[in-house]
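Asker:
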Amino acid sequence: MVTGARALGLVRDELFATIEQAEQNLERFILERHCSSLLQRAVECIHQIRGALSLIELTGAELLAQEAFDLVMDIPAGAGGERDEHLMALCHALHVLRRYLEQLHHQQDDIPEVLLPVINELRHVTGQPALPECYFFSVRLDLPRPASHCPDGQPYEARLALARRMRQMYQIGLMGLLRGNNVRSGLRLMERALSRLDSLLHDRPGARLCWIGAATLEAFNDGALLPHAARKQLFAKLDRELRQLLTNADYEPPRSILKDLLYLAALSEGRGARVTALRSAFAMEPLSYTDRQLEETYRRLTGPGVAVMQSLSLAIQEELNTAKELLDLIERDAAESDAYARLYVQLGILAKTLVMIEQGAAGKALQAHLPMLNTWAKAGKADRQGLDKLADAILYVESLVASLERYEGQESPVGNTASGHEAESFASHLLMEAHVLLLEEAKSGLVTAKQAISAYLDSRGEVAHLASVPGVLHNVRGALWFLAHERAAELTGICAQYIQVQMMDSHNMPTTSLIEVLADALSSIEFFLESGALAPSPGRPDILEVASDSVCALGWRPVAAA
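Below is the structure:
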């Protein structure tokens, strides 16, 4: 059974429609508190959302839906102003959930950690404790630390006295971190203190906490992790654990704080000696995301959705069309005397708008030409070379704006272009657009073929329904070869041959079971394209293997995996 991000496409439309219904019902209930049916419909929608996410096993999204369901069930009909915080938190959670699923549909990269802030927001309004950053992180805590040489010549009491001083050193660094003064210096001081504590107390079980803490602080500093409030609280909690370590000879550190620290070590991009040894000792694999990516992704999730980006893209496109018309008039010497000034003002405003919506590359591309436009406005004429460069810049911006919706939640392939290279970027974008169009045409062709096969089956072998299918599938095959999906192309070609030979040229209609197997093969290829044509990886099944097995079941030659 296909689950996770790849299964989202199976329920995407219905899921998004249900989320929209839940949002609309909650928004109306906020205005019409007396209408309990609105709240009940919202409860039903959120229950359906939770069930769908549970079915496709999206862990983070399912947990968010569960917290939202628990919260909405706690709101009574006719709730007054005392429940405003609950209702606003619910609306925000549904917005973030929808944005997360939109992004997941594009990127196929499920990162449940990015949902923890909004999950904890829901838990906060219901008085529940926040979930830790490491909630979705898995690591074995019982693995032994590597052997190390620790000096032990001093008597225990002398070492303990020095250890107390090291805790004071840690506290000094911690105060700097908490107050935001000399954060990096404070982190280095804390790291040094824990390293020394580890050396001094190496013969006590609690020293494990100092070893992990020192490596984590090294990673925190070198990897430039963001000093969030929760992380400051973690290091303050670590200080309280140090007090226990220094007063209790049998102290064992809590597993929860060890896991919190190890998660930060895994999240950091630091490559210091301590953190490298720590990752090796705990067999921690690199995470698929960085701290900055988490921050940036959450910022996008709380920002405008696809519908807003569509409207914004349309408005900017209208401004660009007006600018192109003015530029065309200037090139043909048919412009009015104020055309240069109007173009200067219009592109200046548009550049600022693009920078405001974080399309800095596009904004800078226009800003780079403003001095030239100002010169034209004063002189009342333009030069041909400058007009060509400005036209390239406008085409580049137009291509980027057109991709705002398609690449929403991702980095646009034309998003970082140096001034003066807009033409090359535009050509690359056109190639990307051609790839996207070919992919859409291939998916459309597969749908057409399946519909024709269904009609053939319903008509009990009326060959006329299949007249165009081999040609359509051969076109799909060509598109897939161009897109470098050779294995999918070969499988599609075999399906086309089977239809031609066994269903059209033969006088005997294949059995229903064989026709269903053929449909399985085409559906598998279609799902391969719908899921972003992802290559197989450990833990993720190869959907094209299903298509290959179906082709074999049809009695045609097997296709080897690419």
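Heads up: the sequence shown begins at 1 in the UniProt record's numbering, then just goes up one per residue. Heads up, the beta-carbon is just placed ideally off N, CA and C, and yes, glycines get one too. The model shown is predicted, which means the values in this text are computed figures rather than measured ones.
#1: Do Ile218 and Gly272 have their CB atoms nearer than 8 Å?
#2: May I ask which residues mark the beginning and end of the alpha helix (DSSP H) holding Glu27?
#3: Whose C-alpha, out of Leu97, Ala382, Leu122, is nearest the C-alpha of Thr302?
#4: Suppose the cutoff is 8 Å on Cβ atoms and the five residues either side in sequence are ignored; what does the same chain contact list for Ser36 look like?
#5: Using the C-alpha atoms, what's the distance from Gly360 back to Ala147?
#6: What whole-angstrom Cβ distance do Ile494 and Val551 have, given they're in contact under 8 Å?
#7: According to DSSP, is Thr353 helix, strand or coil?
#8: Which of the three DSSP states is assigned to Asn120 in this structure?
#9: Please look up how many angstroms separate the CB atoms of Asn221 and Arg167, rounded, as I've assumed it's under 8 Å.
#10: Would you tell me roughly how many angstroms separate the C-alpha atoms of Arg279 and Ala236, rounded to the nearest one?
#11: Specify the secondary structure class of Leu544 as computed by DSSP and reduced to three states.
#12: Alpha carbon to alpha carbon, how far is Ser537 from Asp110?
#13: Under 8 Å, do Leu162 and Leu200 count as touching if we go by C-beta distance?
#14: Which same chain residues, not among the five before or five after Ile207, have their C-beta less than 6 Å away from its C-beta?
#15: Do Ser454 and Leu491 come within 8 Å of each other at the CB atom, strictly closer than that value?
#16: Given that a residue counts as buried once 16 or more other Cβ atoms are within 10 Å of its Cβ, and exposed if not, what is Pro205?
#17: Is it right to say Ala93 is buried, meaning 16 or more other beta carbons lie within 10 angstroms of its own, or is it exposed?
#18: Please identify the residue among Ala449, Val11, Asp333, Arg231 whose C-alpha is closest to the C-alpha of Pro132.
#19: Return the chain-ordered list of same chain residues with a C-beta closer than 6 Å to the C-beta of Pro470, the five sequence neighbours on each side being excluded.
#20: Could you tell me the boundaries of the alpha helix (DSSP H) in which Val43 lies?
#21: For Tyr289, does the three-state DSSP call read helix, strand or coil?
#22: Going by Cα to Cα distance, which pick from Leu287, Ile257, Glu44 is closest to Gly270?
#23: State the CB to CB distance for the pair Leu327 and Leu343, rounded to an integer number of angstroms; the pair is presumed to be in contact (CB under 8 Å).
#24: Is Pro413 helix, strand or coil when you go by DSSP?
#25: Give the single residue among Thr448, Gln293, Leu141 whose Cα lies nearest to the Cα of Lys259.
#26: Return the chain-ordered list of same chain residues with a C-beta closer than 8 Å to the C-beta of Ala335, the five sequence neighbours on each side being excluded.
#27: How would you label Glu62, buried or exposed, when you count the other beta carbons within 10 angstroms and need 16 or more for buried?
#28: Nearest-angstrom Cα distance between Glu441 and Ala42?
#29: Under 8 Å between the Cβ atoms of Met504 and Gly461?
#30: Alpha carbon to alpha carbon, how far is Arg6 from Asn181?
#31: Could you give the distance in angstroms between the alpha-carbon of Thr511 and the alpha-carbon of Gln317?
#32: Tell me the residue span of the alpha helix (DSSP H) that contains Tyr498.
#33: For a minimum of 4 consecutive residues, which ranges assigned as the alpha helix (DSSP H) are wholly contained in the region 133-183?
Answerer: To lay it out plainly:
#1: Looking at the sequence shown, residue 218 is not Ile but Glu. Glu218 places its beta carbon less than 8 Å from that of Gly272.
#2: From DSSP, the alpha helix (DSSP H) with Glu27 extends over 8-31.
#3: Put simply, of Leu97, Ala382, Leu122 the residue whose alpha carbon is nearest the alpha carbon of Thr302 is Leu97.
#4: The residues are Ala77, Gly78.
#5: Roughly 51 Å separates the two Cα atoms.
#6: The Cβ separation is near 5 Å, so the contact holds.
#7: It is helical.
#8: If DSSP states are grouped into helix, strand and coil, Asn120 belongs with the helices.
#9: About 19 Å separates the beta carbons of Asn221 and Arg167, which is beyond the 8 Å limit, so they are not a contact pair.
#10: Distance between the alpha carbons of Arg279 and Ala236: 23 Å.
#11: DSSP, read as helix, strand or coil, puts Leu544 in helix.
#12: In this prediction, Ser537 has a pLDDT of 44, which is less than 50 and means its spatial position is unreliable; what the coordinates show is noted afterwards. Taking the straight line from one Cα to the other gives about 15 Å.
#13: Yes, they are a contact pair.
#14: In the sequence under discussion, the amino acid at residue 207 is Ala, which differs from the Ile named in the question. Asp198, Leu201.
#15: For the pair Leu491 and Ser454, the CB atoms are not nearer than the 8 Å cut-off.
#16: Pro205 is classed as exposed because its beta carbon has fewer than 16 other beta carbons within 10 Å across all chains shown.
#17: That one is buried.
#18: Looking at the Cα atoms, Arg231 is the closest of the given residues.
#19: Within its own chain, the residues whose Cβ lies closer than 6 Å to the Cβ of Pro470, once the five positions on either side in sequence are excluded, are Ala496, Ile499, Gln500, listed in chain order.
#20: 36-55 is the span of the alpha helix (DSSP H), which, as asked, contains Val43.
#21: It is coil, neither helix nor strand.
#22: The shortest C-alpha separation from Gly270 is found at Leu287.
#23: The pair is a contact, with the Cβ atoms about 7 Å apart (cut-off 8 Å).
#24: Per-residue confidence for Pro413 stands at a pLDDT of 43, beneath the threshold of 50, marking its modelled position as unreliable; no derived number is given.
#25: In this structure, Leu141 is the residue among Thr448, Gln293, Leu141 with its C-alpha nearest to the C-alpha of Lys259.
#26: Cβ within range, chain order: Leu326, Leu329.
#27: Glu62 is buried by the Cβ-count criterion.
#28: Across the structure, Glu441 and Ala42 are spaced so that their CA atoms are roughly 38 Å apart.
#29: It is not a contact, given that the beta carbons lie outside the stated cut-off.
#30: Those two C-alpha atoms are separated by around 46 Å.
#31: Rounded to whole angstroms, Thr511 to Gln317 spans 54 Å at the Cα level.
#32: Counting along the chain, the unbroken alpha helix (DSSP H) around Tyr498 starts and ends at 486-498.
#33: Here the runs fully enclosed are 156-179.
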